[in-house]
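This note's numbering puts the first residue of the sequence shown at 55, with every later residue one more than the last.
Where a beta carbon is used, it is the ideal one built from N, C-alpha and C, also for glycine.
Remember, it's a predicted structure, so these values are computed and weren't measured experimentally.
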Amino acid sequence: MLVDDNTAAFVLIHGAWHGGWCWSRITERLTAAGFAAAAPTLTGLAERRGELSRGINLSTHIHDIIDTIQQQGWQNITLVGHSYGGFPATAAAYQLPDVVSHLILLDAFLPAPGEKLLDHAPDLIAAYQTQAARDPAWHIPPLPSLLFGVNEADREWVDAHLTPQPVNTYFESIALPPAPPTLKKTYIRCTRAAGNYLTTSIQRAQTDPSWRFLTLNSDHDAMIDAPDALTTLLTSALTTRTPL
């Protein structure tokens, strides 16, 4: 499609173990509605699993997102980060205030400066350190899609596409500049999602007045389980929020 400076564009960032493939139902709906949309796969995952190495860290994925945005040449971008993708998406949005106008975190980690993802899951640190030290080729194996609440019809498809997460993406601390004052920020909580690793992130979004907090009646992988409702929520968020 022809994209000019007035076309709203979405860049969709997947979470751990996933790839750009998981957003296919959303990109189809967004482009059909007249938006531009891209869903890159981060280094070392999905079709890029051949690049998997210990050299991949959070900074690698931040640069992946920045490179994708710069290559597209779009303006007025809404950057959406799901789950783990909240870490690199937030950093990229804060670094690109001239082109990213809206950051949306979808059931995602909302990082504070200097945090690593495992600060939100401290019970996993010792086990991951032990495994990584024992086996130089070890990376974080994917969880079964059942634990993400994926509907039964799609579980086989999702499980077949999940790949190991580069371990050092969880151990690198994030460097965040101040949030751009013009950046709109929305947090979407999937209300049927299990687990408590997002508790701190949810509390931050609910109590920080610079964030708009929304809910979606879905399990964690809403882009797979609730594509119509999620697309509606993403597009409606464009016109109902101004930065504080």
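**OP:** Classify W77 as buried or exposed, calling it buried when 16 or more other Cβ atoms lie within 10 Å of its own Cβ.
**Re:** buried
Subject >> Paired residues, beta bridge with C76 - DSSP >> reply: Answer is none; C76 lacks a bridge partner.
**OP:** Measure the beta-carbon distance from A146 to I119 and round it to whole angstroms, keeping in mind my assumption that it falls under 8 Å.
**Re:** 4 Å
Original post:
Which parts of the region 121 to 190 are runs of the alpha helix (DSSP H), unbroken and 4 residues or longer, counting only runs that do not cross its ends?
Top reply: 140 to 149, 179 to 188
Subject >> Residues that I278 bridges to, as DSSP identifies them >> reply: Residue pairing by DSSP leaves I278 without any beta bridge partner.
Original post:
Starting from A90 and walking both ways along the beta strand (DSSP E), at which residues does that stretch end?
Top reply: 90 to 92
Subject >> Simplified DSSP state of R258, which is helix, strand or coil >> reply: Helix, per DSSP.
**OP:** Check whether the Cβ atoms of A291 and T240 lie closer than 8 Å to each other.
**Re:** yes
**OP:** Output yes or no for whether 8 Å exceeds the beta carbon distance between D275 and F163.
**Re:** 8 Å or more divides the Cβ of D275 from the Cβ of F163.
Subject >> Whether I116 touches G98 by CB criterion (8 Å) >> reply: For I116 and G98, no; Cβs fall outside 8 Å.
Original post:
Does DSSP put T269 in a helix, a strand or coil?
Top reply: Looking at T269 - three-state DSSP - the assignment turns out to be strand.
**OP:** Helix, strand or coil for A233, going by three-state DSSP, please let me know.
**Re:** coil
Original post:
Tell me the DSSP bridge mates of V65?
Top reply: A92, L133
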